[in-house]
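Engineer: Those letters in the sequence shown? Residues 226 to 484, per this note's numbering, in order.
Ideal Cβ positions, reconstructed from N, Cα and C, are used throughout, including at glycine.
Being a predicted model, the structure only gives us computed values, none of them experimental.
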Amino acid sequence: ITGPDGLPITYQYDREGRLARQQDRNQRVLDMVYNFNDQLVRRRELSSGEEETYTYREDGQLISSANNEVRYDYDYNEDGLLTAKYLSRMDGLTKQAKDTAPRPVLRYEYDAEGQTVARTDAGGTRVEYAHDPVGRVIAIRQGEKDLAQYTYAAGNRIASMLYGNGVQTAYEYTPEGQVSRLHTRAADGTVLLDNRYAYDRSGNTIGCYGKEDRAEYRYDALDRLVEARYAGYGTEQLAYDAAGNRVSRNWNGQRTSHT
């Protein structure tokens with residue numbers, strides 16, 4: 226990828242099609258190594274030597290991640306759900322943990338259905354989740370305080386969100402289930418956002434019309450975005466090759482090419 230400044234970002238892939246090396250505009254190079262299950266096990270920045278490593282259980286779940294400064298360890302219950310995340314400080318020279326005991330930074334609790342019912346952070350703040358009979362989150366609480374409440378429309382689509390500060394967002398949908406209107410107002414009734422959306426026959430968004438902002442989108446015969454016009458901001462144009470890869474982006478006359 227070549228940006229408007231003429232400086233490239235390059236990507237290299239291994240035989241399995243996995244990203245193996247990335248070099249940014251500042252010549253910063255990242256190398257990636259994977260295991261036999263295609264999971265990332267090491268990411269290293271060549272010039273600084275900074276490194277991140279990842280280890281996994283046999284079932285593929287992440288059990289630890291570490292860099293030069295900290296390590297995170299993860300615990301799961303018998304159903305494979307994350308129950309705790311621990312933090313240890315690392316010695317950058319020995320690559321060993323400095324702490325004699327890892328410090329828990331997150332804990333999770335679940336009900337018999339596997340739904341998250343509580344989360345506790347490192348500071349002891351506990352947040353609880355309430356669900357309706359079909360498992361949808363209907364309220365998030367911290368002690369006696371409601372942080373958020375949710376209602377739902379047909380098709381399990383969210384209908385409204387009410388936050389603890391009184392801000393409320395309501396959603397309207399087309400018969401096909403796409404958002405047709407997004408309306409947000411403050412506790413005093415002030416309208417913060419009122420956007421309406423339009424779609425073509427393929428379901429692509431072709432317009433977003435709000436109180437102050439307006440955007441319109443155009444697609445090619447393969448439903449690829451080729452142009453976006455933002456009122457007051459400018460126009461973005463995209464081009465693709467025969468294989469469908471994006472080869473260029475033009476933003477108000479500034480061109481970025483991809484190879």
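1) Note down the Cα distance separating Cys433 from Val451, rounded to an integer number of angstroms.
2) Quick one: residues in its chain with C-beta nearer than 6 Å to the C-beta of Arg421, no 5 flanking neighbours on either side, listed in chain order?
3) For the beta strand (DSSP E) containing Met386, list its first residue and its last residue.
4) Just to confirm the assignment, what range does the beta strand (DSSP E) spanning Ala464 have?
5) According to DSSP, is Thr319 helix, strand or coil?
6) May I have the straight-line CA-CA distance separating Ala343 from Val416, to the nearest angstrom?
7) Spatial neighbours of Thr411 within its chain, please: CB distance less than 8 Å, with the 5 preceding and 5 following residues excluded, ordered by chain position.
8) Answer with buried or exposed for Leu463, where buried requires no fewer than 16 other C-beta atoms within 10 angstroms of its C-beta.
9) Measuring alpha carbon to alpha carbon, tell me which residue in Gln374, Asn302, Asp419 is nearest Gly339.
10) Smallest Cα separation from Ala446: which of Gly349, Arg426, Asp336, Ala440?
11) In angstroms, rounded to a whole number, what distance separates the CA positions of Glu277 and Asp263?
12) Leaving aside the five residues before and after Ser482 along the sequence, list all residues of the same chain whose C-beta is less than 6 Å from its C-beta, in chain order.
13) How would you label Thr319, buried or exposed, when you count the other beta carbons within 10 angstroms and need 16 or more for buried?
14) Under 8 Å Cβ to Cβ from Gly459, same chain only, skipping five residues before and after it: list those, please.
15) For a test of the three-state rule: what should DSSP assign to Ala440, helix, strand or coil?
16) Under the three-state reduction of DSSP, which class applies to Ala453: helix, strand or coil?
17) In whole angstroms, what is the alpha-carbon distance linking Tyr281 and Leu255?
18) From which residue to which residue does the beta strand (DSSP E) around Thr394 run?
19) Measuring straight from C-alpha to C-alpha, what distance separates Asn293 and Glu275?
20) Quick check on Arg328: buried or exposed, where buried means 16 or more other Cβ atoms within 10 Å of its Cβ?
21) For Gln403, which beta-bridge partners are listed by DSSP?
22) Output needed for Gly428: all residues of its chain with C-beta closer than 8 Å, excluding positions within five of it in sequence on either side, in chain order.
23) Would DSSP call Ala309 helix, strand or coil?
Structural biologist: Concretely, from the data shown:
1) The count along the sequence shown starts at 1 and reaches residue 433 at position 208. The count along the sequence shown starts at 1 and reaches residue 451 at position 226. Computed Cα separation, rounded: 16 Å.
2) Stepping through the sequence shown from its first residue, residue 421 is reached at position 196. Once the five neighbours on either side are set aside, the close Cβ partners of Arg421 are Arg406, Tyr434.
3) Taking the first residue of the sequence shown as position 1, residue 386 is located at position 161. From DSSP, the beta strand (DSSP E) with Met386 extends over 383–388.
4) Counted from its first residue, the sequence shown places residue 464 at position 239. Annotation for Ala464: the continuous beta strand (DSSP E) segment containing it runs 459–465.
5) Counting from one through the sequence shown, the residue named residue 319 turns up at place 94. Because Thr319 carries a pLDDT of 47, less than 50, the predicted location of this residue cannot be relied on, and no value is offered for it.
6) Along the sequence shown, one-based indexing puts residue 343 at 118. Along the sequence shown, one-based indexing puts residue 416 at 191. Distance between Ala343 and Val416, taken at the CA atoms: about 33 Å.
7) Counted from its first residue, the sequence shown places residue 411 at position 186. Residue identity check: residue 411 is Ala in the sequence provided, not Thr. Around Ala411: Gly391, Val392, Leu417.
8) On the sequence shown, position 238 is the one that residue 463 refers to. Counting Cβ neighbours within 10 Å, Leu463 comes out buried, since at least 16 surround it.
9) The residue you call residue 339 lines up with position 114 of the sequence shown. Closest in alpha carbon position to Gly339, among Gln374, Asn302, Asp419, is Asn302.
10) On the sequence shown, position 221 is the one that residue 446 refers to. Considering only alpha carbons, the answer is Arg426.
11) Here residue 277 refers to the residue found at position 52 of the sequence shown. Here residue 263 refers to the residue found at position 38 of the sequence shown. Going by the C-alpha atoms only, they are around 16 Å apart.
12) Taking the sequence shown and counting its residues from 1, one reaches residue 482 at position 257. Its chain contains Thr227, Ser473 as the residues whose beta carbon lies nearer than 6 Å to that of Ser482, once the 5 sequence neighbours on both sides are disregarded; these appear in chain order.
13) Working through the sequence shown from its first residue, we reach residue 319 at position 94. In this prediction, Thr319 scores a pLDDT of 47, lower than 50, which makes its location untrustworthy; the coordinate-derived value is nonetheless stated afterwards. Label assigned to Thr319: exposed.
14) Position 234 of the sequence shown, counted from the start, is the residue given in the question as residue 459. The residues are Trp476, Asn477.
15) Locating residue 440 in the sequence shown gives position 215, where the first residue counts as 1. Correct three-state label for Ala440: strand.
16) Within the sequence shown, the letter at position 228 stands for residue 453. Ala453 sits in a strand when the DSSP states are folded into three classes.
17) As a first step, residue 281 is located in the sequence shown; it is residue number 56 there, counting from the start. As a first step, residue 255 is located in the sequence shown; it is residue number 30 there, counting from the start. The straight-line gap from Cα to Cα measures roughly 21 Å.
18) For this step, residue 394 is matched to residue 169 along the sequence shown. Segment 393–398, the beta strand (DSSP E) holding Thr394.
19) For this step, residue 293 is matched to residue 68 along the sequence shown. For this step, residue 275 is matched to residue 50 along the sequence shown. Counting only the Cα atoms, Glu275 lies some 6 Å from Asn293.
20) On the sequence shown, residue 328 is found 103 positions in, with the first residue counted as 1. Arg328 comes out exposed.
21) Start at 1 with the first residue of the sequence shown, and residue 403 comes out as number 178. None; Gln403 has no bridge partner.
22) Taking the first residue of the sequence shown as 1, we reach residue 428 at position 203. The answer, listed in chain order, is Glu401, Gln403.
23) Numbered from its first residue, the sequence shown carries residue 309 at position 84. Looking at Ala309 - three-state DSSP - the assignment turns out to be strand.
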